[in-house]
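Participant: Residue numbers (my numbering): -17 to 127. Just so it is clear, CB atoms sit at the ideal spot from N, CA and C, and this is done for glycine as well. Please find one structure pasted underneath; my questions will follow.
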Amino acid sequence: MILSMIRKKACRRILPLIIVVLLISIWPLPTIFSQSDDITIDNKNAASTESRTGVEFPHAIHTESYDCLDCHHDYHNGENVLDEGELEEDGSAACNTCHTSSATIDLQTAYHRQCMTCHRAVNREPEFDLPITCKDCHPKELSDG
Ligand code: HEC
Ligand code: HEC
Ligand code: HEC
Ligand code: HEC
């Protein structure tokens, strides 16, 4: 009886410490480098005729859940050889460097495939309802004014 009271007391003292240690260890690392929070993706050459307004892309919430190289790549012999450290400086993050109109995968397809493949997969979890329809990402067409 007395022994168990002592344990409870010790527990109460240690608990806050455990919580602090836990919080530090799960602190989201990516927020430490604070690159590009919210981006509006609005290329002038995403398609041969531009019919949609720019697309809001909350970059930061994506980097909390995924690695840079899940989305950014430079393929050689099917292998992603992109150096993550270069993403900030050399423009290798820009999709339009490689996905030009003459590429196997043109720019519009590159975005659509990357965004939608992932959102569709995530939406299989009932608690998610990520953008998937045209209007979700393109709230209006240019002709809407
Ligand atoms: C879920 C996919 C995804 C992840 C994960 C991701 N990015 Fe991006 N990032 C993009 C897309 C899409 C763009 C827009 C590129 C474009 O339109 O040319 C972008 C743009 C950028 C840009 C250009 C910034 C700007 O304002 O135009 C940089 C730099 C960048 N990313 C670095 C990173 C780094 C570093 C990480 C990892 C910490 C990362 N990205 C993780 C998809 C992603
Ligand atoms: C350095 C060049 C380069 C850049 C920059 C680049 N890609 Fe790619 N991407 C490729 C190559 C090469 C392939 C392989 C298919 C091909 O030959 O066109 C590919 C394939 C893809 C694929 C299909 C395979 C896969 O990995 O899912 C998607 C989707 C894609 N890119 C989207 C994007 C998006 C979105 C961006 C910008 C965040 C981007 N790419 C930036 C070169 C690039
Ligand atoms: C690798 C997976 C992945 C890719 C690729 C991806 N997303 Fe997401 N996206 C997510 C997840 C997961 C969330 C929810 C994140 C959260 O709530 O913490 C999300 C959230 C969003 C949201 C916020 C939705 C809301 O309900 O608040 C927008 C907008 C969005 N994504 C747009 C895009 C666009 C545009 C692209 C392509 C350029 C893209 N995403 C590519 C996984 C992805
Ligand atoms: C998950 C987000 C997402 C969804 C869903 C989506 N798109 Fe897009 N779409 C993009 C992004 C990102 C771009 C690149 C925009 C830019 O660079 O201007 C784009 C570009 C385009 C473009 C060419 C560029 C322009 O501005 O006209 C057209 C056309 C387009 N989308 C039509 C559609 C249609 C039709 C649907 C429904 C079948 C759809 N999109 C669904 C994200 C999305």
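(1) What's the gap between the Cα of residue 101 and the Cα of residue 95?
(2) Mind checking if residue 52 is an interface residue toward chain D, Cβ cutoff 8 Å exclusive?
(3) What distance in whole Å lies between the Cβ atoms of residue 120 and residue 63, which are believed to be in contact at a cut-off of 8 Å?
(4) When the Cα atoms are used, what is the spatial distance from residue 98 to residue 39?
(5) When the Cα of residue 29 is compared with those of 111, 90, 125, which residue comes out closest?
(6) Is it the case that the Cβ atoms of residue 25 and residue 83 are separated by a distance below 8 Å?
(7) Compute the beta-carbon to beta-carbon distance between residue 47 and residue 124, rounded to the nearest angstrom, for a pair I have assumed lies under 8 Å.
(8) To test your reading of the DSSP string, which unbroken alpha helix (DSSP H) runs of 4 or more residues are found completely within the region 13 to 76?
(9) Quick one: is the Cβ of residue 110 within less than 7 Å of any heavy atom of ligand 6?
(10) Could you tell me the distance, in whole angstroms, from the CA atom of residue 107 to the CA atom of residue 79?
(11) Do you know how far the Cα of residue 20 is from the Cα of residue 58?
(12) Near residue 55, what residues of its chain come up, given a Cβ to Cβ distance below 8 Å and the 5 sequence neighbours on each side ignored?
Facilitator: On the basis of the coordinates in this document:
(1) Those two C-alpha atoms are separated by around 10 Å.
(2) Among the chains of the structure shown, chain D does not appear; only one protein chain is present.
(3) 33 Å between Cβ atoms; not a contact.
(4) Separation of residue 98 and residue 39 (C-alpha to C-alpha, rounded to the nearest whole angstrom) is 13 Å.
(5) It is 90.
(6) Against a cut-off of 8 Å, the Cβ pair of residue 83 and residue 25 comes out as no contact.
(7) That pair is no contact at about 32 Å.
(8) Taking only runs of at least 4 residues, the alpha helix (DSSP H) segments lying wholly in the region 13 to 76 are 41 to 47, 50 to 53.
(9) The ligand content of the structure shown is limited to ligand 1, ligand 2, ligand 3 and ligand 4, which means ligand 6 is not among them.
(10) Each residue's alpha carbon lies about 34 Å from the other.
(11) If I take the Cα positions, the gap works out to 30 Å.
(12) So the list reads 62, 64, once near-sequence residues are dropped.
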